[in-house]
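Visitor: One structure, pasted below without further comment.
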Amino acid sequence: MSRDGQAQSSVKVLSKAVAVLDVLARERELTPAELAERLDEPRSTLYRVIAALEEHDLVQPGGRRGSFQLGLRLFTLGSAVARRFDDVRAAALPAMERLHERTGQTVFLTVRRGFEALCVERLDGDLVGVMILPVGGTVPLHGGANARALLAFEPPELWEEYLDAGPLERFTPSTETTRAGLTGQLRKIRDDGYSISDQDVIPGIASIGAPVFDHEQRVRASISLSGPQVMVLGDHADENVALVRDAAAAISRQLGQQDVGR
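Residues in the sequence shown are numbered consecutively from 1, following UniProt numbering.
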């Protein structure tokens, strides 16, 4: 095999290994046969990929016979990545805890990573569990209140880059997938200072998000409140918006922002 052929083969194997890790992150533990079904790959291929991952402690045997789960080495690697966000997490946690105590709903802290919103912290509410964005999970920048709060306060040039990158994924019938529609949403978020997601990512779930700024007036993160639609956007909608905006302002002050009335 030529060097180019070897390189292409290595890239394909790496892509399959990453796909295995992604599936195990979502489904906790699976057998090679189950992974082969999920990924539409030959079982023999999955055995080889899993063997290589296990050799490097990236996967390990699961609780069920013949199953595999993520390995502890990923915890070490993930912790190293998480340390990059220690400052914003430390600044955000007191405000997140207050918001959580006041509402009983799930509170998220997200940062932008390219064209995605990455969850770096969450406090679980009474009724919304792991079905929504785990720590380390991502959503596209048009997907939900927290993500749109990040995108809206970036320069409009980034909006155009995001829209040019490809079609917008539709999560529910309420998801905005047109260029004009998303641009209109982002302009409104900038004007209002907060974003609303009304069942456009998960049916029955709503959220309110607001941007967090640093001392250079850059958007560093977003905080959001998520829960059943009637609890978030029902009779207490105005109160919840005010609580989320207050939490975002408090975190921004901790990060050194002076003009929190932006």
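A virtual CB, placed ideally from N, CA and C, is assigned to each residue, including glycine.
Which term fits Leu233, buried or exposed, when burial requires 16 or more other beta carbons within 10 angstroms of its beta carbon?
Guide: By the 10 Å Cβ count, Leu233 comes out buried.
Visitor: What's the C-alpha gap between Gly261 and Tyr162?
Guide: Per-residue confidence for Gly261 stands at a pLDDT of 46, beneath the threshold of 50, marking its modelled position as unreliable; the derived number appears in the next sentence. C-alpha separation (whole angstroms): 27 Å.
Visitor: According to the neighbour-count rule (16 or more other Cβ atoms, all chains shown, within 10 Å of its Cβ), is Ala80 buried or exposed?
Guide: Classification of Ala80: exposed, given that the 10 Å Cβ count is below 16.
Visitor: Quick check on the DSSP output: the beta strand (DSSP E) that includes Arg122 runs from which residue to which?
Guide: Taken as a continuous stretch (DSSP letters only), the beta strand (DSSP E) holding Arg122 covers 116-123.
Visitor: Please report the straight-line C-alpha distance between residue 276 and Val219, rounded to a whole angstrom.
Guide: No information on residue 276 is available, as it lies outside the stretch 1 to 262 that the chain covers here.
Visitor: Below 8 Å between beta carbons: does that hold for Glu121 and Leu109?
Guide: Their beta carbons are under 8 Å apart, which means Glu121 touches Leu109 by this criterion.
Visitor: For the stretch 221-235 against the stretch 178-186, are there 3 or more C-beta pairs whose distance is under 8 Å?
Guide: No, because fewer than three Cβ pairs between the stretch 221-235 and the stretch 178-186 fall closer than 8 Å, the two stretches do not touch.
Visitor: Three or more C-beta pairs under 8 Å: does that hold for the stretch 199-209 against the stretch 80-99?
Guide: Result no; under three Cβ-Cβ pairs closer than 8 Å.
Visitor: Pick helix, strand or coil for Arg170, following the three-state DSSP scheme.
Guide: Here Arg170 sits in coil by DSSP.
Visitor: Give me whichever residues DSSP pairs with Ala92 in a beta bridge.
Guide: None, per the DSSP bridge assignment.
Visitor: So for Ala52, helix, strand or coil by DSSP?
Guide: Residue state, collapsed to three classes: helix.
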